[in-house]
Each structure stands twice: as C-alpha cells, then as structure tokens.
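Chains as they are written, first to last, in this note's numbering: chain A, 582 to 915; chain B, 582 to 915.
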C-alpha cells in the first residue's frame, strides 16, 4: 500500500493525492472527498504525506552515490547536506557502486531507513541508455517517496531530475576549438553514463555541423586517473591530435602531463579542456580550462524542489536544467 | 538500559558481557550465569549483542564525517564502505560539520537509525585538546554501540581508535629538510584537530632536537585552498623561508603556485612537502612530495576491528597505529 495505490483506488494522479493530503485548495471538493475516503478506509499515512501531516517523519533525506571518492559526487553531497540541514533535515547516505543490481539494492536499503525522500547523485542512476527498464527501480522507489535524480533525466511519476546542459557545453567548447583552427580533437571519457553520452553527443554535433567527420580513433575510453591517462596517450605514438576534451578534469590533467612528457607547448601545440572545474583544474600547471557544471546551483535547486514536494506544493517543472559555464584558464587559446 | 548498565549490575566489564552473550569460553561459568541472569531479568538485547544473537541487527554501520568534500575524508569513506559491504554491511553516513554541538547531535541522529556500530572519520571528533570533556559525547555513544575513531585517539570503554603516526612522519620530514641545510621551515595548517596538533608537535620536536628555535612567525594557520594559500604567502613579503611543510596537500600546492609567482626554483630555492598524498599531489607541477597517511590500511584495520568487536571477539589492541610513508616526488631534494 503506497501513494500509487491510493491514487489508483481514487482514480486520480499521485500529485492530486498529495495536494489533498496537504490541504491545497486547487482540488475540487468532490475529488478531495473521494481521496480522503480511500485514505481513511485504508488507514494509511505513507512517508510522502508525513511532512504535511506532521506524522511519522524523521526529517531525513536519503542520498545515494555510486562512488564517494569522486570529487564531483563528494562536492554534490556536501552542498546537498548543507542545504537540507538548513531546512532541519538530516541525511543518510549510501554508496552503491556502479552495478545495476547494487544500485537497486541500495535504494531498497535507504527506503528501509524511514526516509522522507531519496536523492540519487550522478548520472549512473539514469542507466546507460540501453533500455528504459534499467530505471524501473527508480520508478518503484518513487511509489514510496519522491525521488530526485541529479545529473540524469529519468521519467516517472514522483520522479524529479536536475541536469546541467552537458551536451550544449561540450558542443560550445568543441565549436570554439574548431573556430581557433583545431583540426583533430580527441574526446576522452571514463564512462557511458547519461552525462557522458550527452557530452559525446555535443562533441559530435559540433563536428558534424562544421562538416567534419566523427572519427572513432579520436574517441577513447579510459580510467579517470592522471598518470594512467598520460601513459596511455604516450603509447598512442601515431595518433595525431591538436586538442583534447575530457569528461572529467582527471583525464584532462593527464593530457597536460602527456604534453609535458612529449615537450609539447600548451596551448600552442595542444589545447586541453577538462570537465567539472574541480580542484585538480587549479592544481595543475598550466591551470586547466574546465567546464563548471554548476553543482552548487543544481544541488540548491534540488533541495528547493525536495522541500516543496514534501510540503505538497505544486511543482511547475519536474525536470530542470541549468547551463554549464566554461571557465577559461591557460590550456586553451579561445 | 544499555551494555554499561548490564555490566554494572553484573559487576563485570562490558567486554565480559559481550563475551558471555557471544558464547565465548573465556568466561567462567559463574560469571556467565551472573551476566545472563541480569540480561534475562532486564529482558534486554541491545544492538551491540545483536550480531552475536542474530537478533535485531540491520547489518548497518553508521559513519560520521565533518566535511565530505574533503579529499581525505571522502576517500576514507569510500574504503570503509567497500570493506563493510564485503562483510554484508550497509553504511549510513552523516555529515556533521566541525562544530562540537553539531558533531554530538549527528552522533545521536545516527544512533537513532539502528546502527550496529559507529565510525567517526577524522581527528576533529577527538577534540582540539582543550578539555577531556569535549569527547564525552563519544563515550556516551559507546554505551550504546561500539565506536571507532579514525585518525584520532579517544579513551573510553567500547571506544576504539586508529591513527597513523603523524607526529613521527612530520618529525622525519622536518629532520630530512634540516639535514639538507634548510634553515627556515614554514609550517602551514588549516586546523587544530588532533592530527594537526600531532603534526605540529613532530615539526617542533625535530627543530628542538637540532637545537633550532621554534618560531611563531613560521607557523601559519590558513584556509586549505590553493589560490588562497598562494595569495597569502605573496602578502608576507618580508617572511623569509626556504622550505614549507603543510598539513594538507591543498596548502602545499598553494606554496608551489607561490614559488611560480615569485620566480623561485623548486626544489633549489624552496622545498615543499604536502600531506595526505591526494590526487592534488600528482596534479601539480612539479609533482609534490607528500606524506601518505595510509588511509586504506587504517580503514581496512578499522573494518576488521569493527567485525571482530560485533562478533564479540576479544580485541587485543583497542588503539592501533600505522606508520605513515613519505612519498618522494619533485618538490624536495632529500
């Protein structure tokens, strides 16, 4: 028995159930009566209503992350935790790893902890694009509590998501590199997540609109480690490239180290663009041009959405997107 | 009613209570009977016994950290989570910030989540040395579940701790710098935590044993940010120093940036040593000599101790220490 069952039995959407429970006046008296009858008959007060009813809530958000040692994810958690704490909410966190089965199992674990809502950090939760069914576990969780996906778009009732415009940002930097005369732009990624796919799509779009071919040899998948990236690039002795775009700063810093090892000048011989604008971008020399994916804003918006949803307010947009920002430093000449 | 009460009523230590409940044969029949009588009379099965009795356990560890965006802490959590998961344990995490009141409150929050044991990551939990009472909240928590402190030593029944030899490591690098003729060694720290105090003590011991004065102007407290450190050092125009040791890599990378801005050669004009051997040490140029505080080993030992304690095994050492390792790279000439 959950909010879906109530909605189904009353013949309304879960948003309507939520509004009724939270006393919104946007619902007709007739609908309100029908919903309340079902709720009373079933004697049920699920978590999602708890805040509005002042019942049964622990004021706790569940946050799930695949890899907490990742700079992007740990900074997102830090922002979320601070925002939720300011609203009097505690956080409990789980680390799920990247395996589908483990992600679904950790969602269940967090649901068992009496959380009021679930936040999934990182586009790994949005599946790798092979099948819609990969994200069924998210819709199932959303039958119990509202679910918020950060950096990945998932459709479903009671599912909300926030993404930054990775595709547009990568298209924009690729365009800028092409405009400055770069001919062979290497794309480095460590993942096939939703956001990695968006970034690759933006890279390919910029090439295609400029009438350039998308070359398989210029798209490398590798580990997001500085020295591992440097060493791999050193092994590709006959691979010609005059620019690098990477889906994370770690690989981009590896490209900076590669340039030093090969005696290449940055940015003259090689332009390099990282992603996530992490502390690595500032630590390296020359300092790295990187794409700021606005973690702080995305987390702030998510906390706002979380609070409004728990209060039963009508949320105009279930999926929102913020624009990335290109932070120009010394590894590019645009 | 908790394990302390049982122990007190039976007139034995909590270790003995734990052994009795877990069927250890190291307890005399007489003691065993006395303890079981108290437990049966009180009808009580606290969390700490749950594993042994197969009752009431959620197989969940609570982990508390002051700042999850800190590289050291997030990597520790990652190791702990992996180790505990391998033993079938889930983790719930809290972020407490650094304020005493908030740390104590977050401990209570985690205890309310039916955890089997509590792991506190980071020496901030061990107090700033002003008073023993700062850590009372840890001993109070230990009355409910075993508590494990990582990177800080706290005394108390049912309290375990793991530290790395920060004092010895800092003494060793300071000695090495002095041996190579460095005369004015700047000590940079962002904290007054247990481990920061240990590091400073090691620095001072090396100076004192070499007959050098400990100078107040050569000990700076600042924010652990790369550019902030560089800019601060640039402002100290008349501060003379030929080496820098820092309690975290972020500040040491800031010193590398400072040297570049001043046109100083590394390591000729300036030796620099960081701490934590994070990815920042590898990202910067020249790459940073840093002290590896063995996070992975400490976390592995802690997980091992956690499991043994929950199984009711006798743990020979409640406090253990591993030695740090100096990772020599290109910012030192020793």
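Note that the Cβ used here is the ideal one computed from N, Cα and C, for glycine as well.
- For residue 643(B), DSSP records a beta bridge to 673(B), 699(B).
- For residue 757(A) and residue 766(A), the gap between their C-alpha atoms comes out near 11 Å.
- With respect to residue 813(A), residue 798(A) sits apart: the two C-beta atoms are not nearer than 8 Å.
- When 9 Å is used as the limit between beta carbons, residue 880(A) is near no residue of chain B, the shortest such separation being about 11 Å.
- Listed as beta-bridge partners of residue 827(B) by DSSP are 769(B).
- Fully contained in the stretch 715-760 of chain B are the following alpha helix (DSSP H) runs of length 4 or more, in chain order: 717-722, 747-760.
- For the stretch 654-675 of chain A, the residues whose beta carbon sits under 7 Å from a beta carbon of chain B are, in order, 655, 656, 658, 659, 662, 671, 672, 673, 674, 675.
- Note that the stretch 589-601 of chain B touches the stretch 609-619 of chain B; at least 3 beta-carbon pairs, one per stretch, sit closer than 8 Å.
- When rounded, the separation of the alpha-carbon atoms in residue 840(A) and residue 646(A) is 33 Å.
- The beta-carbon of residue 808(A) is placed less than 8 Å from the nearest beta-carbon of chain B.
- Scanning chain B for C-beta atoms nearer than 9 Å to the C-beta of residue 841(A) yields 866, reported in chain order.
- When Cβ-Cβ separations below 8 Å define contact, residue 861(A) makes contact with chain B.
- With a cutoff of 8 Å on beta-carbon distance, residue 678(A) and residue 706(A) are scored as not near each other.
- As computed with DSSP, residue 801(B) is found in a beta bridge with 769(B).
- Between residue 743(B) and residue 883(B), the beta carbon gap of about 5 Å places them in contact (Cβ cut-off 8 Å).
- Within chain B, not a single residue places a beta-carbon under 9 Å from that of residue 909(A); the smallest gap is close to 16 Å.
- Rounded to whole angstroms, the separation of the alpha carbons of residue 907(B) and residue 685(A) is 41 Å.
- DSSP lists no beta-bridge partner residue for residue 608(A).
- Taking the Cα positions, residue 861(A) is about 19 Å away from residue 842(A).
- Contacts between residue 834(A) and chain B, judged by CB atoms closer than 7 Å, involve 864 in chain order.
- With a contact defined as Cβ atoms closer than 8 Å, residue 639(B) and residue 702(B) miss out at about 20 Å.
- With respect to the 8 Å criterion, residue 899(A) and residue 660(A) are not classified as neighbours on the basis of their beta carbons.
- Under the DSSP assignment, residue 658(B) falls outside any beta strand (DSSP E), being part of the alpha helix (DSSP H) whose first and last residues are 652-667.
- Contacts between residue 698(B) and chain A, judged by CB atoms closer than 8 Å, are missing: the closest CB pair is about 15 Å apart.
- Taking C-beta separations shorter than 7 Å and ignoring five residues to either side along the sequence, the partners of residue 669(A) in its chain run 640, following chain order.
- Collapsing the DSSP output to three states places residue 887(B) in a helix.
- Residue 846(B) is not a Cβ neighbour of residue 775(B), given a cutoff of 8 Å.
- Contacts between residue 690(A) and chain B, judged by CB atoms closer than 7 Å, involve 671 in chain order.
- Per the C-alpha coordinates, the member of 589(A), 818(A), 667(A), 643(A) positioned closest to residue 674(B) is 643(A).
- For residue 856(B), no alpha helix (DSSP H) run applies; the uninterrupted beta strand (DSSP E) run containing it begins and ends at 852-856, by DSSP.
- In the DSSP annotation of this structure, residue 793(B) is not part of any beta strand (DSSP E), being labelled neither H nor E.
- When beta bridges are read from the DSSP output, residue 871(A) appears opposite 855(A), 908(A).
- Annotation for residue 860(A): the continuous alpha helix (DSSP H) segment containing it runs 860-864.
- Think of a sphere of 7 Å around the beta carbon of residue 871(B): no beta carbon from chain A falls inside it, the nearest being about 12 Å out.
- The C-beta distance from residue 650(B) to residue 656(A) rounds to 5 Å, short enough to fall under 8 Å.
- Per DSSP, residue 688(B) lies in no beta strand (DSSP E); the unbroken alpha helix (DSSP H) holding it starts and ends at 681-692.
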